[in-house]
Amino acid sequence: MSSQLRLAVDAMGGDLGPRSVVPACIRFLKKFPQAELKLFGPSAQLQNLIDDERQSRLASRLEIVPCEQVITQSCNPLQAVRHKRDSSMACALQSVASGEVQAMVTSGNTGALLALSRNILGNIEGVRKPALGKALPTERGFCYLLDLGANIDCSAEDLLQFARMGVEAQRIHTGRRNLAVALLNIGAEPHKGTEEIRRAAELFEADPKIHYAGFVEGHDIFTGVVDVVVCDGLMGNVAMKSAEGVIRLMGQKVFTIEKKGAFKRFFGQLAIKLLRKWRTQVEPARYNGACFLGVRGNVIKSHGGASSEAFYRAMITAKECAEADLAAKVGRAMAEAEWNRAMDKS
Numbered sequence: 225m226s227s228q229l230r231l232a233v234d235a236m237g238g239d240l241g242p243r244s245v246v247p248a249c250i251r252f253l254k255k256f257p258q259a260e261l262k263l264f265g266p267s268a269q270l271q272n273l274i275d276d277e278r279q280s281r282l283a284s285r286l287e288i289v290p291c292e293q294v295i296t297q298s299c300n301p302l303q304a305v306r307h308k309r310d311s312s313m314a315c316a317l318q319s320v321a322s323g324e325v326q327a328m329v330t331s332g333n334t335g336a337l338l339a340l341s342r343n344i345l346g347n348i349e350g351v352r353k354p355a356l357g358k359a360l361p362t363e364r365g366f367c368y369l370l371d372l373g374a375n376i377d378c379s380a381e382d383l384l385q386f387a388r389m390g391v392e393a394q395r396i397h398t399g400r401r402n403l404a405v406a407l408l409n410i411g412a413e414p415h416k417g418t419e420e421i422r423r424a425a426e427l428f429e430a431d432p433k434i435h436y437a438g439f440v441e442g443h444d445i446f447t448g449v450v451d452v453v454v455c456d457g458l459m460g461n462v463a464m465k466s467a468e469g470v471i472r473l474m475g476q477k478v479f480t481i482e483k484k485g486a487f488k489r490f491f492g493q494l495a496i497k498l499l500r501k502w503r504t505q506v507e508p509a510r511y512n513g514a515c516f517l518g519v520r521g522n523v524i525k526s527h528g529g530a531s532s533e534a535f536y537r538a539m540i541t542a543k544e545c546a547e548a549d550l551a552a553k554v555g556r557a558m559a560e561a562e563w564n565r566a567m568d569k570s
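If you want this note's numbering, it's the 1-based position in the sequence shown plus 224.
See below:
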């Protein structure tokens, strides 16, 4: 492979498997002529789906890497590390580790992906737990939210590391420097939340590299009052999926308005165009693809139930991370933070 952009794609993760992945890959190659893809999965199945797309001219930029072993959603992380080293997910990660590609994307099992990423790529120096994060649309731009589900149990020190990684990712994403960071909590008052969250707040306040803005609640994520929101994986995953559920409900309500009687439909039409436009702007599929921050490589996690459109968007995220050299820059930022902390202690 000799082009500027090289991505690895695990074709077998997720609910739809290669049926959503292959069309997304074809679309991606059409959109970005400089890109090349390595597609990991059963060769005969993948080749049949590629042939159905009738895009033979793209064949030179789409390499199938045969992998018969697949990691299912029921596979636990330990099984993945011990017994699934020849799976499509593991082989895609190996291509990142070897430098053959600049990023990989998968819809597969999150726990298995985290375990294999740590085992194959390794953690960035000074990072105890990698975190899953992504930029979400707000009233004023974007807010970077992490962790989105990789870590359920997080110490105050873990949350501090998440904050440092999130700030660096958001700086790369926005180009801005003075970023406001908040902790997601059940209330904004200083006495609210668990002891660990309150202790994390003390660490945030003491860190000169973090512009700490205090606690925020779930609804504040989308108002744009802060640039980075930090939480454990349980809170982050619930917050993100709750927001996605509301957006889907909006779409259903728009459809229901069109089915009502003439009188209600007349008044409904006054708002329906605005609702459709807003829903399109925040549609979850448009922002699919979260980054595993804290491992030595660009690893992008797509929704397990991603459609072809959503998986394509995750590939766009992988492209952006690869071109920004996100993993390496986060690594340098974390190494600098560790060095500064060591100097302060001495």
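Note that beta-carbon positions come from the ideal geometry of N, C-alpha and C, so glycine has one too.
As the structure is a computational prediction, the values presented were derived from the model and not from experiment.
Quick check on the DSSP output: the alpha helix (DSSP H) that includes residue i runs from which residue to which?
i	result
Met539	Ser532 to Ala548
Glu287	No alpha helix (DSSP H) holds Glu287; the beta strand (DSSP E) holding it covers Leu286 to Pro290.
Val305	Pro301 to His307
Asp371	That residue, Asp371, is in no alpha helix (DSSP H); it is neither H nor E in DSSP.
Gly390	Ala380 to Thr398
Leu338	Thr334 to Ile344
Which term fits residue i, buried or exposed, when burial requires 16 or more other beta carbons within 10 angstroms of its beta carbon?
i	result
Thr447	exposed
Lys255	exposed
Met225	Here the model assigns Met225 a pLDDT of 42, short of 50, so the residue's position is not dependable, and the following value carries that caveat. That one is exposed.
Glu292	exposed
Ser280	exposed
Ser466	exposed
Glu426	exposed
Gln326	buried
Ala534	buried
Phe487	Confidence is the limiting factor: at Phe487 the pLDDT is only 49, short of 50, which leaves the residue's position unreliable and the question unanswerable from this model.
Ala235	buried
Asp377	exposed
Asp310	exposed
Leu307	Contrary to the premise, residue 307 reads as His rather than Leu in this sequence. Burial call: exposed.
Could you give the C-beta distance for residue i and residue j, rounded to a whole number, given that I count them as a contact under 8 Å?
i	j	result
Val405	Val462	Not quite, the Cβ-Cβ distance comes to about 20 Å (not below 8 Å), so this is no contact.
Met313	Met558	Contact flag wrong, Cβ pair sits at about 25 Å.
Ala514	Lys525	5 Å
Arg423	Ala380	4 Å
Pro354	Leu372	Their Cβ separation, rounded to whole angstroms, is 12 Å, which puts Pro354 and Leu372 out of contact at 8 Å.
Val219	Leu345	This structure does not reach residue 219, given that the chain is present from 225 up to 570, and the question cannot be answered.
Glu260	Glu562	At roughly 35 Å, the Cβ-Cβ gap does not stay under 8 Å, so Glu260 and Glu562 are not in contact.
Gln297	Asn343	Actually they do not touch by this definition, with Cβ atoms about 19 Å apart.
Ala387	Val305	That pair is no contact at about 28 Å.
By alpha-carbon positions, which one of the options ends up nearest to residue i?
i	options	result
Leu383	Arg556, Ile434, Ser284 and Lys308	Ile434
Tyr368	Ala380, Leu317 and Arg400	Arg400
Gln228	Pro361, Ala548 and Gly513	Ala548
Asn272	Ser284, Cys299 and Pro242	Pro242
Ile445	Gly335, Lys262, Phe366 and Glu544	Phe366
Leu302	His527, Lys553, Ser341 and Leu403	Ser341
Gly529	Ile250, Ser331, Ala268 and Gln326	Ser331
Asn402	Ile410, Ile376 and Glu392	Glu392
Val440	Leu458, Ala430, Pro414 and Asp275	Pro414
Asp275	Pro290, Pro247 and Lys262	Pro247
Leu407	His397, Val450 and Ile376	Val450
Ile410	Leu253, Cys249 and Gly460	Gly460
Could you check where the beta strand (DSSP E) with residue i kicks off and where it finishes?
i	result
Ile250	Per DSSP, Ile250 belongs to no beta strand (DSSP E); it is in the alpha helix (DSSP H), Pro242 to Lys255.
Glu260	Ala259 to Gly265
Ala316	Not the beta strand (DSSP E): Ala316 falls in the alpha helix (DSSP H), residues Ser312 to Ala321.
Arg278	Counting along the chain, Arg278 falls outside any beta strand (DSSP E), and DSSP gives it neither H nor E.
Phe446	No beta strand (DSSP E) contains Phe446, which DSSP labels as neither H nor E.
Leu356	Ala355 to Thr362
Met328	Ala327 to Thr330
Leu229	Leu229 to Asp234
Lys525	Val523 to Lys525
Ala412	It is not in any beta strand (DSSP E) - Ala412 carries neither H nor E in the DSSP assignment.
Let me check you understand the geometry: is the CB of residue i closer than 7 Å to at least one non-hydrogen atom of the ligand GDP?
i	result
Phe535	In the structure shown, the ligand GDP is absent, as is every other ligand, since no ligand is present at all.
Self-check item: Whole beta strand (DSSP E) elements within the stretch 418-443, 3-residue minimum
Solution: 435-440
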